[in-house]
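Remember, the numbering used here sits 47 above the position in the sequence shown when you count from 1. We put the beta carbon where it would ideally sit given N, CA and C, even for glycine.
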Amino acid sequence: MAERSRRVAEIRAWLEEHPDVPDELRVPLVDELGRLLFALGDYDDALAHWREVELPLLRRLGDSLRQAHTFGKIADVLQVRGQLDETLRIYQEEQIPVYKQLGDVRSTAITKAKIADVLQNQGRPGDALRIYQLEALPAFEQLGDLRSKAVTMGRIADVLQSQGQSDEAMRILQESLPIYERLGDPRERAVTMIKIADILRSHGRQDDALRTYREEALPAFERIGDTCSRAMVMGRIADTLQDRGHLNEALIIYQNEQLPMCEEMGDIRSQAIIKSKIDAILQIQGTPRL
């Protein structure tokens, strides 16, 4: 982080000391500065830089494609901050027209998928589903982009499940598994298996859900060293055991597996949730936690 901060200071100093440098030569440094500010978590500074420095520079150069990309960076930050209306406007008005004019099918499809993400977050699942199914997915299939196709299938399944269409969601998730296997992506395959197990659990098929969590998802996260995901799966296992009335087994996992992992990661919110589950079990058993 210290090295990045030094680089930010170097670039800013150089740009200030060389105001007459042609715009074409300023672009790489201006782009790097924005990326560094974002990487440092200085989102306000990054937004101001993109809006007040980078966009005007690219407008002077008439570089519409880079302008669209910069607008995309702004929109991505705004989306994280919950400014969904402005995010949607940027995707629809500042990016899509440019990509379509340039015939950039990939960028159009990616941005369409982002629009659908926003619509889903706004509580408009029907509109989101239409874009995923009729615009984004066919484009990724046309491009032969297997990863983006599989990710979009997962998004479609999420929407369908939220609308109570869990059987169709399950079918789509199962169709996406061979894609991740072909790509050699154990993490995304494991994430998909968790979604499948969640559906099995919601259908009352706890034994199948437990088997999927334990034999498909958990070993994959252990192999790749993903402690956060491993803790999440252990929590799913414990929750399922508790649903079945196996309180002692659930308690052991909460106390000896999931809680220590969350403490190691410094995940205070998850620690509080786990401790409340532990307290609930102890009270059911008549042994309140001290």
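Bounding residues of the alpha helix (DSSP H) (the contiguous stretch that carries residue 75): The sequence position of residue 75 within the sequence shown is 28, counting from 1. Per DSSP, residue 75 belongs to the alpha helix (DSSP H) from 70-86.
Residue 325 and residue 294: beta carbons closer than 8 Å? By one-based count along the sequence shown, residue 325 stands at place 278. By one-based count along the sequence shown, residue 294 stands at place 247. No; because the gap between Cβ atoms is not below 8 Å, this pair is not in contact.
Quick check on the DSSP output: what are the complete beta strand (DSSP E) runs of length 3 or more inside the stretch 215-261, in order along the chain? none
How would you label residue 275, buried or exposed, when you count the other beta carbons within 10 angstroms and need 16 or more for buried? Taking the sequence shown and counting its residues from 1, one reaches residue 275 at position 228. Classification for residue 275: exposed.
Using only alpha-carbon positions, find the residue among 171, 112, 311 and 260 that is nearest to residue 286. Within the sequence shown, numbered from 1, the residue matching residue 286 stands at position 239. Checked all of 171, 112, 311 and 260; the closest Cα to residue 286 is 260.
How is the alpha helix (DSSP H) around residue 61 delimited, first residue to last? Along the sequence shown, read from residue 1 onward, the residue named residue 61 stands at position 14. Where residue 61 is concerned, the enclosing alpha helix (DSSP H) stretches over 49-64.
Given a cut-off of 8 Å, decide if residue 67 and residue 101 are closer than it, judged by their beta-carbon atoms. Here residue 101 refers to the residue found at position 54 of the sequence shown. Here residue 67 refers to the residue found at position 20 of the sequence shown. No, the pair does not count as a contact, with Cβ atoms beyond the cut-off.
Whose CA, out of 72, 211 and 304, lies closest to the CA of residue 107? In the sequence shown, residue 107 corresponds to position 60, counting from 1. Residue 107 has its Cα closest to that of 72, out of 72, 211 and 304.
By Cβ distance, which residues of its chain are closer than 7 Å to residue 154, with the 5 residues on each side in sequence left out? As a first step, residue 154 is located in the sequence shown; it is residue number 107 there, counting from the start. Hits under 7 Å: 146.
What are the start and end residues of the alpha helix (DSSP H) that includes residue 94? The count along the sequence shown starts at 1 and reaches residue 94 at position 47. Where residue 94 is concerned, the enclosing alpha helix (DSSP H) stretches over 90-96.
In terms of residue numbering, what span does the alpha helix (DSSP H) encompassing residue 115 cover? Position 68 of the sequence shown, counted from the start, is the residue given in the question as residue 115. Unbroken alpha helix (DSSP H) run through residue 115: 111-127.
To the nearest whole angstrom, what separates the beta carbons of residue 176 and residue 206, a pair I think is in contact under 8 Å? Position 129 of the sequence shown, counted from the first residue, corresponds to residue 176. Position 159 of the sequence shown, counted from the first residue, corresponds to residue 206. Right, the Cβ-Cβ distance comes to about 5 Å (below 8 Å), so this counts as a contact.
According to DSSP, is residue 332 helix, strand or coil? The sequence position of residue 332 within the sequence shown is 285, counting from 1. Coil, per DSSP.
Would you tell me roughly how many angstroms separate the C-alpha atoms of residue 338 and residue 316, rounded to the nearest one? Nothing in the structure corresponds to residue 338, since the chain is present only between 48 and 337.
Using only alpha-carbon positions, find the residue among 111, 93, 105 and 149 that is nearest to residue 122. The residue given as residue 122 occupies position 75 in the sequence shown. It is 93 whose Cα lies nearest to the Cα of residue 122.
Rounded to a whole number of angstroms, what is the C-alpha to C-alpha distance between residue 280 and residue 241? Mapped onto the sequence shown, residue 280 falls at position 233. Mapped onto the sequence shown, residue 241 falls at position 194. Cα to Cα, residue 280 sits roughly 8 Å from residue 241.
Within 10 angstroms of its Cβ, does residue 181 collect 16 or more other Cβ (buried), or is it exposed? Residue mapping note: residue 181 aligns to position 134 of the sequence shown, counting from 1. Residue 181 should be labelled exposed.
Pick from 159, 48 and 96 that is closest to residue 174, judged by C-alpha positions: What you label residue 174 is simply residue 127 of the sequence shown in a count that begins at 1. Measuring from the Cα of residue 174, the nearest candidate turns out to be 159.
For residue 55, count the other beta carbons within 10 Å of its own beta carbon; 16 or more makes it buried, fewer makes it exposed. Which is it? Start at 1 with the first residue of the sequence shown, and residue 55 comes out as number 8. Buried, because 16 or more other Cβ atoms sit within 10 Å of the Cβ of residue 55.
For residue 161, which residues of its own chain have a beta-carbon under 6 Å away from its beta-carbon, when the five flanking residues on both sides are left out? Against the sequence shown, residue 161 aligns to sequence position 114. Excluding positions up to five away in sequence, the list reads 138.
Could you check if residue 96 is buried or exposed, using at least 16 other CB atoms within 10 Å of its CB as the buried criterion? Counting from one through the sequence shown, the residue named residue 96 turns up at place 49. With 16 or more Cβ atoms within 10 Å of its Cβ, residue 96 is classed as buried.
List the whole-angstrom C-beta distance separating residue 220 from residue 243, where the pair is believed to meet the contact cut-off of C-beta under 8 Å. As a working note, residue 220 is residue 173 in the sequence shown. As a working note, residue 243 is residue 196 in the sequence shown. The pair is a contact, with the Cβ atoms about 5 Å apart (cut-off 8 Å).
Could you tell me which of 48, 104, 52 and 82 sits nearest to residue 69, measuring between CA atoms? Indexing the sequence shown from 1 puts residue 69 at position 22. Here the closest residue by C-alpha is 104.
Given this structure, state the Cα-to-Cα distance separating residue 172 from residue 216, to the nearest angstrom. Position 125 of the sequence shown, counted from the start, is the residue given in the question as residue 172. Position 169 of the sequence shown, counted from the start, is the residue given in the question as residue 216. About 14 Å.
Just reading off the alpha helix (DSSP H) that residue 171 is part of, what are its end residues? In the sequence shown, the residue the question calls residue 171 occupies position 124. Counting along the chain, residue 171 falls outside any alpha helix (DSSP H), and DSSP gives it neither H nor E.
Using only the alpha-carbon positions, how far apart do residue 142 and residue 156 sit? In the sequence shown, counting from the first residue as 1, residue 142 sits at position 95. In the sequence shown, counting from the first residue as 1, residue 156 sits at position 109. Distance between the alpha carbons of residue 142 and residue 156 is about 11 Å.
Closer than 6 Å by C-beta to residue 204: which residues in its own chain qualify, once you throw out the five before and the five after it? Chain order, please. Taking the sequence shown and counting its residues from 1, the one referred to as residue 204 is at position 157. Contacts found: 216, 219 and 220.
Quick one: give me the first and last residue of the alpha helix (DSSP H) that residue 145 is part of. Taking the sequence shown and counting its residues from 1, the one referred to as residue 145 is at position 98. Element bounds for residue 145: 143-149.
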